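> Just passing along the structure, written as structure tokens.
Numbering (the working numbering), first residue to last: 1 to 631.
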């Protein structure tokens, strides 16, 4: 571990701490810090005195230590309890914190007598303070080294900046805050990880400016393998390869980036990546844009005052959007209304693969010019699912410094709403799972707008426009197949197109995957592909990534049902009737009509059945096929 001198201002920027000199949250400055104690948070939580590692005991004790070390000042007992247990602490939580603090004192000062006041971990004013030089805590040393590197870069000392970036990154030992649990660690772990990859990108961009492109290619290739959906990394790799005289490899890197984005997300590369590809294709070396860091240092005087940053996180829209003109027009009108009382919140709901994300991104691009202050995007069914973690990323993207980001969901939600006052920003929340996940992420200023997608309707009072999506009509499904496959309808009989569309459940995701198979296999006829999909248990495998995505989504829905409802779903799937009535369900399940109706309603609420009419229920999309084969 490298000890780096840390000024109070830099150290105050981490985990909600504030410069102790200004009298705010950080409290008083440490008077007599322990100068031979070192603590690592950028990896497993560990501590050393000199060269000897200290046994920190249980994960709970490590959590207390991590909170105190990250804060860099007095920490109230209530904050420690919240960070460890969240909203439902045990009744003895206060006593447990006291026990953990007492045990940590013994390992930090084993020679201290009971009558001697502790000098490392002190208590007072309803909390605790770890008196340690901040340069001995790697998370503070990392922030300080990064600040110094950015200052050197701004002064034109690129070599010095590169060395400091390297020094900062050398402090990492693995996944940050590993070996501990609790809401505080869960919220801050992804923020630290994002900071690390952002600094790595800054360092790589700087290395490219210094002409060290040949040495970076293997390092960037490995990074792209770890983060295949991070377009900024693909851009750095393409530049490194191109500047190394490997134009063909640079073009191949773009093709691999596009393949990953289309397969995993169903989107094309962003405009910047496509433009870089065009320049490389045209051998345009002199006019090639310079690499820019993903995260740049904040300006603006005073703590807590963010830069005015314009986030541009909107992913590319799909080329073909078929059969969604009416909901798209409704959403666009709501999001561009000249006078409105509150925030327009458009919620698109529907089963997996029905095209919610495609519609949301289409409308977002359509109305983007009405939101000149930028767009924020988050996938809530991906790595970041906790609202507090998503808000942390949004605050960073809008220009707030890491240390000014408050702890806790409510504080971050309030900071987000304050930051968006007077700013015309569009927020896209993709894959919302619940009302509790959505509500804290909604801005309060009417100048902002929100597009959200969810697998089922959500009882959120602030939603202004709810747009449930159904599968495509037969005509629109056939049209989407023809457009995305590049084959005209007349190249195959209409009956073949119709059969293929029905086998795909008229779901846009399945239709696009089927069209991709026709592109991959130009010798196949539409009828041949339909025959392959009709084979027993072949559809999900034959549709490649689209089939795997549908299968995974269906499995998630099934697993949330519980054993009793899952058995009922399997029994209903074995019937061939398109529509299910409470009476037919009662006969199938061997229960009363009232009980059958309540069960059907619960399956609708769970998103595994639809209710197209009063007293009429049925399977949606390819769910019946999945349950029969896998459920």
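Cβ atoms here follow ideal geometry from the backbone N, Cα and C, with glycine treated the same way.
Here the structure is a predicted model, which means the values were calculated and not measured.
(1) In chain order, which beta strand (DSSP E) runs of at least 3 residues are fully inside the segment 111-156?
(2) What is the rounded straight-line gap between the Cα of residue 197 and the Cα of residue 441?
(3) Taking the Cβ atom as the reference point for each residue, do residue 582 and residue 615 lie within a distance shorter than 8 Å?
(4) Which stretch, first to last residue, makes up the alpha helix (DSSP H) that contains residue 102?
(5) Span of the alpha helix (DSSP H) holding residue 184?
(6) Tell me whether residue 32 is buried or exposed, calling it buried when 16 or more other Cβ atoms sit within 10 Å of its Cβ.
(7) In the DSSP assignment, what residue or residues form a beta bridge with residue 349?
(8) When the Cβ atoms of the segment 615-629 are set against those of the segment 334-354, are three or more pairs found closer than 8 Å?
(9) Where DSSP assigns a beta bridge to residue 76, which residues make up the other side?
(10) For residue 187 and residue 411, I'd like the C-alpha separation in whole angstroms.
(11) Near residue 314, which residues of its chain fall below 8 Å by C-beta distance, leaving aside the five closest residues on each side in sequence?
(12) Counting along the chain, where does the alpha helix (DSSP H) carrying residue 280 start and finish?
(13) Once the 5 residues before and after residue 496 are set aside, which same chain residues still bring their CB inside 7 Å of it?
(14) Find the nearest neighbour of residue 452 within the set 439, 62, 129 and 175, judged by alpha-carbon distance.
(15) On the DSSP bridge assignment, give the partners of residue 48 in chain order.
(16) May I ask you to report which of helix, strand or coil DSSP gives residue 324?
(17) Are the beta-carbon atoms of residue 513 and residue 545 separated by less than 8 Å?
(18) Given 8 Å as the limit, is there contact between the segment 155-169 and the segment 104-123, that is, 3 or more CB pairs closer than that?
(19) Does the separation of the CB atoms of residue 398 and residue 338 fall below 8 Å?
(20) Should the segment 554-562 be regarded as contacting the segment 594-611, the criterion being three or more beta carbon pairs within less than 8 Å?
(21) By Cβ distance below 7 Å, which residues in the same chain neighbour residue 588 in space, the five residues on each side in sequence not counted?
(22) Is the beta carbon of residue 130 closer than 8 Å to that of residue 69?
(23) For residue 44 versus residue 179, is the C-beta distance shorter than 8 Å?
(24) Could you please give me the residues that DSSP links to residue 312 through a beta bridge?
(25) Got a sec? Which residues, its chain only, sit under 6 Å from residue 609 by beta carbon, not counting five neighbours each side?
(26) Distance check for residue 607 and residue 586, CA to CA, integer angstroms please.
(27) Decide if residue 626 is buried, meaning its Cβ has at least 16 other Cβ atoms within 10 Å, or exposed.
(28) DSSP beta-bridge partners for residue 618?
(29) Let me know the secondary structure DSSP gives residue 427 once reduced to three states.
(30) Tell me the rounded alpha-carbon separation between residue 73 and residue 193.
(31) How about residue 164 and residue 143: do their beta carbons lie closer than 8 Å?
(32) From 103, 77, 133 and 273, pick the residue whose C-alpha is nearest to that of residue 59; which is it?
(33) Under a Cβ-count criterion, where at least 16 other Cβ atoms within 10 Å of its own Cβ denotes burial, should residue 304 be classed as buried or exposed?
(34) Just checking, does the segment 385-392 make contact with the segment 323-342 on the three C-beta pairs under 8 Å criterion?
(35) Alpha carbon to alpha carbon, what distance is there between residue 210 and residue 141?
(36) Write down the C-beta distance between residue 372 and residue 450 rounded to the nearest angstrom, noting that I regard them as a contact closer than 8 Å.
On the basis of the data shown:
(1) 121-124 and 127-130
(2) 24 Å
(3) yes
(4) 93-108
(5) 183-209
(6) Its pLDDT being 45, under 50, residue 32 is placed unreliably in this model, and the coordinates cannot settle the point.
(7) 454 and 468
(8) yes
(9) 127
(10) 13 Å
(11) 361, 364, 365, 368, 375, 377, 426 and 428
(12) 271-281
(13) 526, 527 and 530
(14) 439
(15) 38 and 53
(16) coil
(17) yes
(18) no
(19) no
(20) yes
(21) 571, 572 and 575
(22) yes
(23) yes
(24) 375
(25) 603 and 617
(26) 20 Å
(27) buried
(28) 610
(29) strand
(30) 23 Å
(31) no
(32) 103
(33) Here residue 304 scores only 39 on pLDDT, less than 50, and its place in the model should not be relied on; the value that follows carries that caveat. Looking at its Cβ environment, which holds fewer than 16 other Cβ atoms inside 10 Å, residue 304 is exposed.
(34) no
(35) 25 Å
(36) Not really, about 17 Å apart at Cβ, beyond 8 Å.
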